[in-house]
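Asker:
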Amino acid sequence: MSRLCVRAGIASAIAVAVLAFTYPTEVTGQQAFSHGQNVAPVFEGWEPNPDGTFNMVFGFFNRNCEEEVYVPVGPDNTIEPGGPDRGQPARFYPRRGKFVFKVHVPADFGDNELVWTLTAHGKTEKAFATLHPEYILDKRITMMNEAGFGQRAGEADSFAPELHVDGGAQRAVAVGEPLTITARASDDGLPEPRTGQNDSDATGLMVGWSVYRGEAEHVTFEPEQFNPDFRGRARGITMCGKKFPPTPEWWRERLSEDGTFTVTATFAEPGTYMLRAMAHDGGLKTTREITVNVTG
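Quick note, the sequence shown lines up with residues 10 to 305 if you use my numbering.
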């Protein structure tokens, strides 16, 4: 496979967001497909840490408009070196997932690279992560790419929400047994909350649960869950002919007055599932995961 890095992003007077990933060699124009297409891994860029180490930040592009692609961590979904499991998702919702997860690398990483290899529907693509200077990220670049925030007065001072999930990181239930999970979140109020004229315009702190690993069709949430990460993505998914997410009037599902958000998850099939809580204020997000072992 040929290796092609493409840089794209949003530029301002002080920052340029850089995205690098491998595109297929065949170009089919702007034709949209509901099912049957593969998922491209994306290297978003890297973040410096105060201790001199770095975070490699990844996302993905599911080429389908409707199909949620499931690729278990293993030979078809691996990050090397150190893999196959470096914290990547196994369930890929339709279209673009930005800044989905981070891989921590040491201070002496130097000219090395991480390679995420993803095979879906018989097609393999790779994302190559390096510490190239042009790929550096900061929170303003992230906000601008998430939903176009970070340019107005005060928005650059925004911090990511605080998020905590009650209970342990490992849970066990039986098939059909409800699992109640509670997330607690808070935020600094930036960007200022607003309802928005459509699904992707809303801002302000929201929390949603999703299936990060495992077959999502076997998991039912009550109340029905949205993914806050869909905000600001309408411009990138218009070719699909519909808006995300499917939950009606999802932006009105706010935290309770004490900052808690409780849902019940029920599993139809045994197996190991990873559920992700995401707190998103419209510009920055924080995630936490729990692993659930479901017995028959």
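A virtual CB, placed ideally from N, CA and C, is assigned to each residue, including glycine.
In angstroms, rounded to a whole number, what distance separates the CA positions of P84 and K148?
Answerer: When rounded, the distance between both Cα atoms is 33 Å.
Asker: What does a CB cutoff of less than 8 Å around E122 pick up in its chain, not counting 5 residues either side in sequence?
Answerer: These residues qualify, in order along the chain: F137, A138, T139.
Asker: What's the call for G305, buried or exposed, on a 16-neighbour Cβ count within 10 Å?
Answerer: With fewer than 16 Cβ atoms within 10 Å of its Cβ, G305 is classed as exposed.
Asker: Leaving out the 5 sequence neighbours to the left and right, which residues in its chain are closer than 6 Å to F101 when beta-carbon positions are compared?
Answerer: V48, F69, N71, V78.
Asker: Just reading off the beta strand (DSSP E) that I88 is part of, what are its end residues?
Answerer: Run containing I88: 86–89, per the beta strand (DSSP E) assignment.
Asker: According to the neighbour-count rule (16 or more other Cβ atoms, all chains shown, within 10 Å of its Cβ), is G54 buried or exposed?
Answerer: Under this definition G54 is a buried residue.
Asker: I'd like the span of the beta strand (DSSP E) that includes V124, first residue to last.
Answerer: Element bounds for V124: 123–129.
Asker: Looking only at its chain, what residues have a beta carbon closer than 7 Å to the beta carbon of F63, apart from the 5 residues adjacent to it on each side?
Answerer: W55, E56, P57, V114, F118, L140.
Asker: Suppose you measure from the CA of Y144 to the CA of A129; what does that come to, to the nearest Å?
Answerer: Each residue's Cα considered, the two are about 26 Å apart.
Asker: With distance defined between alpha-carbon atoms, name the residue in E226, D290, M287, G91 nearest to T275.
Answerer: The shortest Cα separation from T275 among E226, D290, M287, G91 belongs to E226.
Asker: Short of 6 Å in beta carbon distance, which residues of its chain neighbour V82, apart from the five on each side in sequence? Order them along the chain.
Answerer: Once the five neighbours on either side are set aside, the close Cβ partners of V82 are P93, D94, A99.
Asker: Assign H227 to one of three DSSP states: helix, strand, or coil.
Answerer: Correct three-state label for H227: helix.
Asker: Secondary structure at T304, three-state DSSP: helix, strand or coil?
Answerer: T304 falls in the strand class under three-state DSSP.
Asker: Cα-Cα, which of E134, G177, F52 is closest to F108?
Answerer: The candidate whose alpha carbon is nearest that of F108 is F52.
Asker: Tell me which residues share the same chain as M283 and place their Cβ nearer than 8 Å to its Cβ, disregarding the 5 neighbours each side in the sequence.
Answerer: Contacts found: A99, V220, Y221, R222, G223, E298, I299, T300, V301.
Asker: Could you tell me which residues DSSP puts in a beta bridge with S195?
Answerer: Answer by DSSP bridge pairing, in chain order: E171.
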